[in-house]
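Have a look at the structure below before the remarks.
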Amino acid sequence: MKYKACLFDLDGVLVDTAIYHFQAWKTLGANFGYILTEAQNEQLKGVSRVASLDRILAWANKEATQEQKNAWLIEKNDHYLQLISHMNPGEILPGVLLFLEDIQKLGYRIALGSASKNAQIILEKTGLATYFDAIIDGNHVSKSKPDPEVFLKGAEALQVSPETCIVFEDAEAGVEAAKRAGMMAIGIGDAHVLHQADKIIPNFTGVLASDLLKF
Ligand code: B16
Ligand code: MG
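Structure follows, in structure tokens:
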């Protein structure tokens, strides 16, 4: 078997936390009279918290001091934490659990490669934590996707070389990060957005690892 490990993004691949990020950013935007749209929220997927705020402020044409920005980042995250505190295993996206069980049986090592600093809480709330041999999240990296750091650290933690890794990503920046890491990239979602991926599936429903991971 050439490929030894599967590296998963979290938001948009295993669970849909984008709805909670949207709610929290939208509420924050209202502070300075800005209404964030769903299309804009799409562009925040895979983007770090700090970079997300900068984008929103640019869209709103709003300037702020570093002190104000820090206060808003805390406010947004506190609201987000409150929203995700109710998450449960029912929020795991369709087909994900069967797929994880499938790859475990096939002997793949499994890691998380997420930009989120709240990944651990989400994995615990949903019961997904037990599937992972390594967890690399926003607390472990200094460079955001499309920088390959998060996935390279994932490979390192699993003690496998990057070319033996398969990345599952829903964001364009994440697919780019995987390719820059020298890994195979499987896009989850829209084929137009994820055109850089080696393979694209809409979601994990009915997907068999033995079929998908044939290269
Ligand atoms: P946090 P992923 C990303 O997670 C989200 O897609 C993105 O919308 C969010 O801003 C980012 O995590 C940071 O999240 O505020 O929880 O640290 O898709 O890389 O799993
Ligand atoms: Mg994502």
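158 is the number of the first residue of the sequence shown in the numbering used here; add one for each residue after it.
Glycine is no exception: its CB is placed at the ideal position from the N, C-alpha and C atoms.
- prompt: Going by beta carbon distance, what residues of the same chain come within less than 8 Å of glutamine 261, once the five residues before and after it are set aside?
  reply: Ile267 and Tyr288
query: In or out: isoleucine 231 buried (at least 16 other Cβ within 10 Å) or exposed?
result: exposed
- request: Note down, in chain order, each residue of its chain lying with its Cβ closer than 7 Å to the Cβ of glutamate 199, except the 5 sequence neighbours on either side.
  value: none
- prompt: Which residues bound the beta strand (DSSP E) around valine 207?
  reply: No beta strand (DSSP E) contains valine 207, which is instead part of the alpha helix (DSSP H) from 206-216.
Contact under 8 Å by Cβ, leucine 164 with phenylalanine 308: yes
query: Which first and last residues belong to the alpha helix (DSSP H) in which glutamate 232 is found?
result: 223-241
field: Cross-strand partners of leucine 370 (DSSP beta bridge)
entry: In the DSSP output, where bridge partners are listed per residue, leucine 370 has none listed.
- request: Using three-state DSSP, classify aspartate 259 as helix, strand or coil.
  value: helix
- request: Please state whether DSSP places valine 324 in a helix, a strand or coil.
  value: strand
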